[in-house]
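Chemist: A single structure is presented below for examination.
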Amino acid sequence: MSDAMAPSLPRLLSLDITKHWSRNPQFWSPRNLLAGDASFFPNSSLLAVKKSQTSRFFMYEEHAGMKLKDETGQTQTIQLSPSKLAAVLHGDGTPKESNGYHYWTSPAATVAPGLLTQIKGYETLHEGTSQPLDPRGPSLWMGNSGSGTQAHYDVADNVICQLFGTKRIRCFSPQAASALHVFPDAHPRARKSQVNFDDPDHDLFPHYSSLPPPYIDVELVPGSALFIPAFWFHHVENGNHCYTSRKGMDPGPSVSMNMFALSKSMMIAQGIFRDASRPFQLNTSMGHGFDFAVKALRALSWRLIEELHMEEEPTKFVQLHLLDTRYAPLRQENNSEGTIVNANLSVAEEEAVSNCIARILPQFEVLREEDNGNGVVSLVLCHLFELWAVEFVGASSVADAWEAVLL
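Position 164 of the sequence shown, counted from 1, bears residue number 164 in full-length UniProt numbering, the numbering being contiguous throughout.
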């Protein structure tokens, strides 16, 4: 990356290469790319497009984990030919086809490898870092006006380059995770905010009212680029709609490209998860069931929070960062009275806890230095705590286990 920059903070980039790519913005219009003379997409192919009649911010599912509540069915995946997608994005389709919000993304090499010749030098977008690039290469993103992606964070460093139309991006520090009510890690929509930014339910998401102003709020135009560090939340909106009614905004579709690079923070976190996985060999047939899991979670999490000198004491940390902000909005009714577990771990089990903490504490200290106080340590802690709980009790009982930890 040619700009000198603090690696842990989002920043607009002034890059000659992205300006060169967009010297003819009309080349990157969906009409031209998908259906024009310069089309790089075989019209016989079908593209998997996200569509919603009501929800304009899309959330891509990470894995087929447990669904903590039924999905609303607001979003569907439809198959469109490239020319049909171009018509829909530009509003040229039939009213039925063009109605609603549409969003499509894919690695360029997968659907239109010829396009890579038009963005020569994309490998240099993360120049100046020692981290390897995503082997999938750059991805294309297309959406009609008003569509976007829900506030979320990635675990890789990200450079977004605008090629056609406009895109508004608001970046929030990792410290905003509680205010954004992030989905639990066992949920298919992990790493994403549960809150509808257009119409937030303050009763369901009480901590959203404490969301600070974005660290950066930018409008990308063709040729501009934005660096987003790993673990930073970003809320993305295409074109002109609702709260982006500033003069000069383009109400048409948006086309952008992004490139990931593996982040140092992610690699440190992966080492933590590897070394902390399965601190005990659980055997439920020998009595290591729910009660043992609660005792183990309490011992591991309390010790680690205290050793790291986190801002909140252990009870408050678990209550705020896990139960109140992640699980409570998804548990519409909780009839469980909870199980009080007071017994202590055995001497051998306490030793296993100590050994586990000793293995990962130095890595957390390195992560803290890399993080520079932006909240990545807290996010990784939450992920680790949920990982332990899933290992001990399974995804369906994670919230019950943490509630019992606090009793």
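Cβ coordinates follow ideal geometry from the N, Cα and C atoms, glycine included.
Using only CA atoms, which one of Ser39, Pro95 and Leu345 lies nearest to Asp291?
Modeler: Leu345
Chemist: Check each candidate in Tyr153, Glu306 and Leu384 and name the one with the smallest Cα separation from Arg274.
Modeler: Leu384
Chemist: With a cut-off of 8 Å on the beta carbons, I'd call Tyr215 and Phe280 a contact; round off their distance for me.
Modeler: Their Cβ separation, rounded to whole angstroms, is 40 Å, which puts Tyr215 and Phe280 out of contact at 8 Å.
Chemist: I'd like the span of the alpha helix (DSSP H) that includes His90, first residue to last.
Modeler: Per DSSP, His90 belongs to the alpha helix (DSSP H) from Pro82 to His90.
Chemist: Would you identify the three-state DSSP class for Arg368, choosing helix, strand or coil?
Modeler: helix
Chemist: Where are the beta strand (DSSP E) runs, 3 residues long or more, that stay fully inside the segment 220–279, in chain order?
Modeler: 225–228, 233–238 and 254–262
Chemist: How many angstroms separate the CA atom of Lys295 from the CA atom of Ala404?
Modeler: 9 Å
Chemist: Assess contact between the segment 142–155 and the segment 83–97, defined as three or more Cβ pairs (one per stretch) separated by less than 8 Å. Is contact present?
Modeler: yes
Chemist: For Val182, does the three-state DSSP call read helix, strand or coil?
Modeler: strand
Chemist: Which residues mark the beginning and the end of the alpha helix (DSSP H) in which Trp104 is found?
Modeler: Trp104 -> not in any alpha helix (DSSP H); beta strand (DSSP E) instead, spanning Tyr101 to Pro107.
Chemist: In the DSSP assignment, find the alpha helix (DSSP H) that holds His383 and state where it starts and stops.
Modeler: Its alpha helix (DSSP H) spans residues Val376 to Val393.
Chemist: Enumerate in chain order the residues of its own chain whose CB-to-CB distance from Leu12 is below 7 Å, with the five nearest sequence positions on each side excluded.
Modeler: Val218, Ser224 and Leu226
Chemist: Rounded to the nearest angstrom, what separates Ser29 and Leu46 at their Cα positions?
Modeler: 19 Å
Chemist: Please classify Arg326 as buried or exposed, where buried requires at least 16 neighbouring CB atoms within 10 angstroms.
Modeler: buried
Chemist: Just the C-alpha distance for Leu116 and Cys382, rounded to the nearest angstrom, thanks.
Modeler: 38 Å
Chemist: Rounded to the nearest angstrom, how far is the Cβ of Gln76 from that of Lys51, given a contact under 8 Å?
Modeler: 6 Å
Chemist: Am I right that Trp402 and Leu322 are in contact with their C-beta atoms under 8 Å? What's the rounded C-beta distance?
Modeler: Taking a contact as a CB-CB distance under 8 Å, the pair Trp402 and Leu322 counts as one, their CB atoms being some 5 Å apart.
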